[in-house]
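Enquirer: Chains as they are written, first to last, in the UniProt record's numbering: chain A, 1 to 345; chain C, 1 to 345; chain X, 1 to 345; chain U, 1 to 345. Ideal placement from N, C-alpha and C gives every residue a C-beta, glycine not left out.
Protein chains: 4
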Amino acid sequence: MIKVSIVGGTGYTGVELLRLLSVHPDVELTAITSRKEDGLPVADMFPSLRGKVNLAFSAPDKVDLTKCDVVFFATPHGVAMAQAPALLAAGVKVIDLAADFRLKDQATFEQWYKIPHTCPDLLEEAVYGLPELNREAVKNARLIANPGCYPTTMQLGFVPLLKANLIDASALIADAKSGVSGAGRKAEIGTLFSESSDNFKAYGVSGHRHTPETVAQLQRFTGLPVNLIFTPHLVPMIRGMHSTLYARLTTDISNEELQELFESTYKDAAFVDVMPFGSHPETRSTRGSNMLRLALHRPNNGNTLVILVVQDNLVKGASGQAIQCMNLMFGLHETLGLQQVALLP
Amino acid sequence: MIKVSIVGGTGYTGVELLRLLSVHPDVELTAITSRKEDGLPVADMFPSLRGKVNLAFSAPDKVDLTKCDVVFFATPHGVAMAQAPALLAAGVKVIDLAADFRLKDQATFEQWYKIPHTCPDLLEEAVYGLPELNREAVKNARLIANPGCYPTTMQLGFVPLLKANLIDASALIADAKSGVSGAGRKAEIGTLFSESSDNFKAYGVSGHRHTPETVAQLQRFTGLPVNLIFTPHLVPMIRGMHSTLYARLTTDISNEELQELFESTYKDAAFVDVMPFGSHPETRSTRGSNMLRLALHRPNNGNTLVILVVQDNLVKGASGQAIQCMNLMFGLHETLGLQQVALLP
Amino acid sequence: MIKVSIVGGTGYTGVELLRLLSVHPDVELTAITSRKEDGLPVADMFPSLRGKVNLAFSAPDKVDLTKCDVVFFATPHGVAMAQAPALLAAGVKVIDLAADFRLKDQATFEQWYKIPHTCPDLLEEAVYGLPELNREAVKNARLIANPGCYPTTMQLGFVPLLKANLIDASALIADAKSGVSGAGRKAEIGTLFSESSDNFKAYGVSGHRHTPETVAQLQRFTGLPVNLIFTPHLVPMIRGMHSTLYARLTTDISNEELQELFESTYKDAAFVDVMPFGSHPETRSTRGSNMLRLALHRPNNGNTLVILVVQDNLVKGASGQAIQCMNLMFGLHETLGLQQVALLP
Amino acid sequence: MIKVSIVGGTGYTGVELLRLLSVHPDVELTAITSRKEDGLPVADMFPSLRGKVNLAFSAPDKVDLTKCDVVFFATPHGVAMAQAPALLAAGVKVIDLAADFRLKDQATFEQWYKIPHTCPDLLEEAVYGLPELNREAVKNARLIANPGCYPTTMQLGFVPLLKANLIDASALIADAKSGVSGAGRKAEIGTLFSESSDNFKAYGVSGHRHTPETVAQLQRFTGLPVNLIFTPHLVPMIRGMHSTLYARLTTDISNEELQELFESTYKDAAFVDVMPFGSHPETRSTRGSNMLRLALHRPNNGNTLVILVVQDNLVKGASGQAIQCMNLMFGLHETLGLQQVALLP
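#1: How long is the line joining the alpha carbons of Gln255(C) and Ser170(X), rounded to whole angstroms?
#2: Could you check what DSSP says for Phe230(U) in three-state terms: helix, strand or coil?
#3: Are at least three pairs of beta-carbons, each pair with one atom in the stretch 130-142 of chain C and one in the stretch 189-198 of chain C, less than 8 Å apart?
#4: May I ask you to report which of helix, strand or coil DSSP gives Ser178(C)?
#5: Note down the Cα distance separating Ala43(X) from Gly51(X), rounded to an integer number of angstroms.
#6: Short of 7 Å Cβ to Cβ, which residues in the stretch 325-336 of chain A face chain C?
#7: What residue range is occupied by the uninterrupted alpha helix (DSSP H) comprising His210(A)?
#8: Can you list, in chain order, the residues of its chain with a C-beta nearer than 7 Å to that of Gly11(X)? Leave out the 5 residues immediately preceding and following it.
#9: Hey, quick one: how far does the alpha helix (DSSP H) through Lys186(A) stretch, first residue to last?
#10: Is the Cβ-Cβ distance between Phe200(C) and Gly204(X) less than 7 Å?
#11: Report yes if the C-beta distance between His77(A) and Ala99(A) is below 7 Å; otherwise report no.
#12: Shorter than 7 Å from the beta carbon of Ala202(C) to some beta carbon of chain X?
#13: Taking only beta-carbon positions, decide if Gly288(A) is within less than 7 Å of chain C.
#14: Skipping 5 residues on each side, what residues in its chain have a beta carbon closer than 8 Å to that of Ser285(U)?
#15: Residues of chain X with CB closer than 8 Å to the CB of Met237(C), please, in chain order.
#16: Give a yes or no on whether the minimum CB-CB distance between Ser181(C) and chain A is below 7 Å.
#17: Taking 7 Å as the threshold (beta carbon to beta carbon), is Ser194(U) in contact with chain C?
#18: Between Pro345(A) and chain C, is there a C-beta pair that is closer than 7 Å?
#19: Rounded to whole angstroms, what is the Cα-Cα separation between Asp38(X) and Leu87(X)?
#20: Under the rule that 16 or more other beta-carbon atoms within 10 Å means buried, what is Ala318(C), buried or exposed?
#21: On the DSSP bridge assignment, give the partners of Pro160(X) in chain order.
#22: Excluding five sequence neighbours on each side, which residues of the same chain lie with their C-beta closer than 8 Å to the C-beta of Glu132(U)?
#23: Using the C-alpha atoms, what's the distance from Val306(C) back to Gly223(X)?
#24: Regarding Ala74(A) and the ligand COA, is the C-beta to nearest heavy atom distance less than 6 Å?
#25: Please look up how many angstroms separate the CB atoms of Leu21(C) and Ile323(C), rounded, as I've assumed it's under 8 Å.
#26: Assuming Ile323(A) is part of the alpha helix (DSSP H), what are its boundary residues?
#27: With DSSP run on the structure shown, which of helix, strand or coil describes Asp168(A)?
#28: Write down every uninterrupted run of the beta strand (DSSP E) in the stretch 283-319 of chain X whose length is 3 residues or greater and which is fully enclosed by it, in chain order.
#29: Mind listing the chain X neighbours of Asp273(U)? Cutoff is C-beta to C-beta under 7 Å, in chain order.
#30: Would you say Thr191(U) lies against chain C (beta-carbon separation less than 7 Å)?
#31: Can you name, in chain order, every residue of its own chain whose Cβ lies under 6 Å from the Cβ of Lys104(A), other than the five neighbours on each side?
#32: Near His233(C), what residues of its chain come up, given a Cβ to Cβ distance below 6 Å and the 5 sequence neighbours on each side ignored?
#33: With a cut-off of 7 Å, does the C-beta of Ala187(X) fall near any C-beta of chain A?
#34: Use the C-beta contact count for Gln217(X): other C-beta atoms within 10 angstroms, 16 or more gives buried, fewer gives exposed.
#35: Quick check on Gly41(X): does DSSP put it in helix, strand or coil?
#36: Determine the chain U residues that contact Tyr12(X) at a beta-carbon separation under 8 Å, and present them in chain order.
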């Protein structure tokens with residue numbers, strides 16, 4: 001059994017880790033920390049876990065995390081970078097669900113996250129935890145930077161086309177939509193039910209942290225200079241993410257060849273479902289599951305390709321992907337404990 | 001492996017059976033019938049099942065259901081009664097998720113369901129599939145009448161009090177609220193998103209089919225004459241049921257004793273969670289899981305007891321409960337394949 | 001033109017006052033105060049008001065409210081009682097949408113609201129602003145205690161029956177359901193979209209502030225001792241309130257007579273719609289309008305009467321009712337500026 | 001008073017016309033037809049109209065529409081074209097909310113709507129009812145083709161830029177999102193609450209009827225050949241439409257100049273609100289009102305311009321716009337009866 005601790009268990013990625021890990025056959029939950037909730041049984045805060053998780057939250061200073069095999073950080077940006085060095089030194093693997101190690105470039109990190117990076121030495125070693133694009137590196141990683149939710153959809157949609165040099169890398173557009181849980185479990189007016197229900201809006205159109213992450217990764221994975229317009233929107237639903245990607249084809253290629261490209265790219269990817277050409281994937285087909293589904297469209301058979309990508313932002317977009325990385329890091333089957341069928345309706 | 005077929009797989013209880021059975025370790029899905037959708041891959045209708053269920057729907061006349069071990073009827077009222085006799089004669093167990101065998105009294109059935117009962121001989125044998133109240137009968141059953149969703153909550157809330165003779169059986173009130181999936185997957189204006197979202201209403205206040213079912217069962221389980229006011233309401237949520245039960249205490253009893261009564265009644269019930277006195281269970285704490293949670297309140301320490309009961313109407317209120325019965329009928333552990341943690345948020 | 005100011009314009013009752021008053025033909029909006037938002041154009045916070053309200057929020061100390069004709073307090077409990085005496089002394093009428101003057105009994109107020117009452121002298125003079133039950137008093141009032149949202153529905157449903165001595169006043173049950181906007185525009189986790197969407201729960205079952213208010217008013221309006229069980233629930237919708245009232249008939253009376261009682265009681269009430277016996281009013285039929293609709297049911301023709309009452313909690317349950325009072329206080333037609341048709345769908 | 005009839009009053013655009021026209025100061029509702037609901041009081045179907053609309057539906061053959069001044073067709077495609085000639089001949093003005101007269105080219109109409117056009121003679125005369133772009137023509141029209149909901153947002157967003165020759169007309173992208181009411185009040189599984197709540201998806205990506213309408217109109221208004229990628233999506237909200245428009249700037253121009261272009265274009269448009277550069281308009285800021293709001297963004301100050309456009313699809317996107325046209329056709333002030341403030345929250 002893998003001994004697992006979670007730092008920061010009171011947010012949505014934390015409770016989602018608990019939902020998934022509590023029934024993972026090879027995991028033993030060891031500790032869940034929370035500065036504020038020390039001593040509170042986890043199931044008192046999240047009654048869905050009654051009878052499933054019997055631990056209480058522990059104050060960070062009351063737990064010796066070095067006795068775990070792996071620590072998940074489901075914390076705000078800045079926490080993992082402070083604790084990772086000591087844990088790694090003690091032989092504990094670290095998976096950060098925040099952004100501390102997502103950007104290789106320290107200056108870019110500090111520009112977008114407005115905090116100094118206290119642990120730049122680890123930036124190069126940190127492995128970007130997107131197994132479909134770098135499974136071998138994940139397997140050998142000590143420190144995982146779990147991808148952002150939006151970037152997961154954009155990379156899995158654009159990379160096959162970029163690698164095959166089929167599209168104009170300087171004219172990528174991603175019009176993306178997320179459920180409200182992506183904003184986290186924080187007391188804020190903007191994400192109150194009465195503010196975000198029966199409503200739709202864009203946000204951060206002039207600049208969002210997931211743009212530099214995605215651009216940097218697209219460049220790393222493909223070697224191409226990339227220009228991306230990324231427009232996130234807020235959908236009145238709890239979970240779910242839908243990215244509508246627009247790419248300009250630069251080559252003469254048939255729809256069948258495009259479909260074949262995606263199917264062959266992801267033929268061994270248990271969690272990427274390439275749907276038939278012209279399908280309209282729905283976010284609910286992934287609700288609560290670790291699946292990402294995508295489909296290609298080519299309006300009017302012109303030179304614009306539209307790629308529709310859906311996932312559950314809390315699973316494949318966060319906690320599920322983190323566990324997928326953990327499985328690989330510990331030599332387990334990638335899908336272990338992640339076989340949940342999406343909840344439909 | 002238990003060979004399982006589902007008659008009528010295109011509704012919400014059908015797809016929920018598929019979600020749960022597709023990952024049940026002791027089940028082999030054999031056939032899923034649909035008169036209209038013969039030949040259509042199940043996963044084309046429900047993309048959540050892509051990669052999980054590889055069967056196609058079959059027209060009923062193309063399938064030999066007598067080769068199964070058990071057949072679930074996820075059909076409108078009237079279908080199971082037509083097919084059950086032949087299946088039982090062939091040694092196949094039958095679990096009906098509709099109402100065909102819920103009422104022992106043929107006349108009452110025909111009054112409320114407006115169709116003649118074509119199979120009254122089996123009414124007495126049929127076992128009402130509420131394991132928490134009659135587990136032994138379920139174990140030995142050939143034919144299960146799976147309870148209605150509302151009746152499950154009302155019985156599990158009222159029976160302990162009635163059996164202990166603590167409340168006035170002639171003055172029961174159940175103010176119940178259901179998510180919209182309870183209305184089924186039928187093309188109807190009343191349950192369109194634009195009609196039922198951002199809205200709340202009662203329905204069937206002057207008479208609902210679940211009243212006679214509940215009254216008859218309360219009387220069977222307790223031997224007491226019962227009078228029940230049942231008021232169902234429609235909540236703008238997909239899944240979830242919340243019954244607010246009002247009972248008039250006829251005895252001097254402490255809150256501690258009341259709590260102890262419920263805890264001891266359900267101490268062996270894996271799927272009934274008696275929460276601390278004064279709790280407010282939320283429907284989402286059961287979303288996608290087979291748990292029913294309840295809590296007691298006694299406003300002003302007066303003689304009115306309020307019992308709050310929640311469940312997922314499609315799981316403990318329908319398909320999960322049916323599988324729970326199946327497990328018992330086949331000698332499996334009651335909880336097998338039903339350990340899903342509720343999806344929160 | 002009536003010169004109107006609003007103290008505390010940043011909450012939901014505040015913005016609802018603005019929506020309604022900005023198009024009221026006899027009102028001139030003079031000032032909207034907010035301690036925090038001094039100088040911010042109101043329409044920057046509420047873009048729905050762009051082009052309709054050109055004022056900016058003012059810090060309270062920058063405004064001379066004594067130059068108004070009437071001041072609405074859309075503030076937390078405790079603010080109006082501090083400012084009302086000076087305003088009244090200056091000849092300004094006061095309408096408090098909070099609870100400061102709802103309870104005649106100071107001790108009861110302090111017990112439930114946990115703050116000392118700083119202005120008990122005005123408690124007796126304050127008029128409870130429920131025009132359908134005390135229109136003449138409202139007309140002559142200087143100080144209005146605008147009713148709570150739940151109490152409005154309970155009183156308009158129970159009072160006709162109590163006054164006619166038809167029901168057991170000691171056994172009233174109100175199972176009530178409110179949209180989330182009733183919780184106000186406050187940054188809190190419990191009313192986040194991701195917490196309250198796709199969910200249903202009761203709250204405050206063991207004690208809610210609207211119980212003492214309703215009991216006291218029922219007693220004032222009817223002279224009867226009253227016992228009430230009140231169970232509020234939270235519905236995943238923005239606006240709307242549905243109270244399901246249960247009363248035990250103590251007399252032999254026909255349904256036609258009951259219906260006639262309600263129709264005659266409210267024949268001159270422009271904002272109370274008595275629907276046909278056996279109807280199921282929907283909250284959305286009142287969305288954005290000042291209408292309250294109700295309908296009677298008598299299950300099984302027994303001795304339990306069920307009264308279904310719906311309203312928009314922010315209009316008839318708060319800001320619309322306050323304006324209705326203002327109209328009466330200034331000799332205007334009661335319905336002026338309140339003729340909005342409900343938004344359906 | 002203008003005598004108004006509505007043909008087809010049982011859908012969402014019909015009931016929205018009724019909501020708005022029932023309080024329009026210069027309108028007298030004369031008849032509302034429905035083949036199926038002959039004799040049913042309108043307010044029985046739409047209780048929101050109780051006390052506001054006292055008419056019953058009439059079968060079409062029982063009403064003499066030639067006695068009206070104007071007839072609105074809130075019908076499926078194909079109805080208006082059958083009845084318009086006789087009405088026009090009798091001197092009655094006609095406003096069609098469906099697509100019968102939106103496309104000047106008969107072949108294009110028949111290709112996309114799959115029905116023969118029975119009245120091609122009127123195609124040229126019909127005036128496209130988008131007052132902000134052709135107010136004078138609307139004033140003089142006998143026959144109005146009310147624009148589609150999506151096309152309204154796309155034209156008001158793109159036309160100023162195209163007319164000023166600032167963007168590449170061959171590379172327009174519109175990623176648009178609509179509330180579910182856009183699908184109409186039809187019994188269909190796809191728009192059930194349980195199917196479309198807590199879900200997000202694209203639809204019609206490979207071809208949607210609003211593409212040819214928009215392209216044709218953009219070309220008529222600007223004289224430029226246009227290429228448009230249009231991707232509609234379904235949002236789990238009742239009302240509201242958000243179009244995210246992407247255009248490639250072909251000229252060196254400052255953000256201030258771009259903003260000024262929009263502000264000057266719409267300076268006399270009462271229903272178009274140009275928000276400050278970089279704003280994020282929310283659909284709810286238009287809920288129930290006839291306002292369309294838009295804002296410009298220029299990510300990274302690059303050459304891609306993003307225009308965010310919101311409206312209520314049933315008001316400015318349908319019934320409100322139709323009434324706006326009626327006002328102009330009858331010499332009334334354009335805003336008469338259309339001053340509703342959006343419902344927020």
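Expert: Taking the structure as given:
#1: Rather than Gln, the amino acid found at residue 255(C) in this sequence is Asn. Going by the C-alpha atoms only, they are around 22 Å apart.
#2: strand
#3: no
#4: strand
#5: 8 Å
#6: none
#7: 210-222
#8: Ala74, Gly184, Arg185
#9: First-last for Lys186(A): undefined, no H or E at that position.
#10: no
#11: yes
#12: yes
#13: yes
#14: Met291, Arg293, Val310, Ala342, Leu344
#15: Ser197, Asp198, Asn199, Phe200, Pro236
#16: yes
#17: yes
#18: yes
#19: 21 Å
#20: buried
#21: Answer by DSSP bridge pairing: none, since Pro160(X) is not bridged.
#22: Leu156, Tyr266, Ala269, Phe271, Val272
#23: 28 Å
#24: Within the structure as shown, the ligand COA is missing, as the structure has no ligands at all.
#25: 7 Å
#26: 320-329
#27: coil
#28: 292-297, 304-311
#29: Arg50, Gly51
#30: yes
#31: Leu123
#32: Lys177, Ala202
#33: yes
#34: buried
#35: Note on residue identity: the sequence assigns Pro, not Gly, to residue 41(X). In the structure shown, Pro41(X) sits in a strand (DSSP, three-state: E or B).
#36: Pro345
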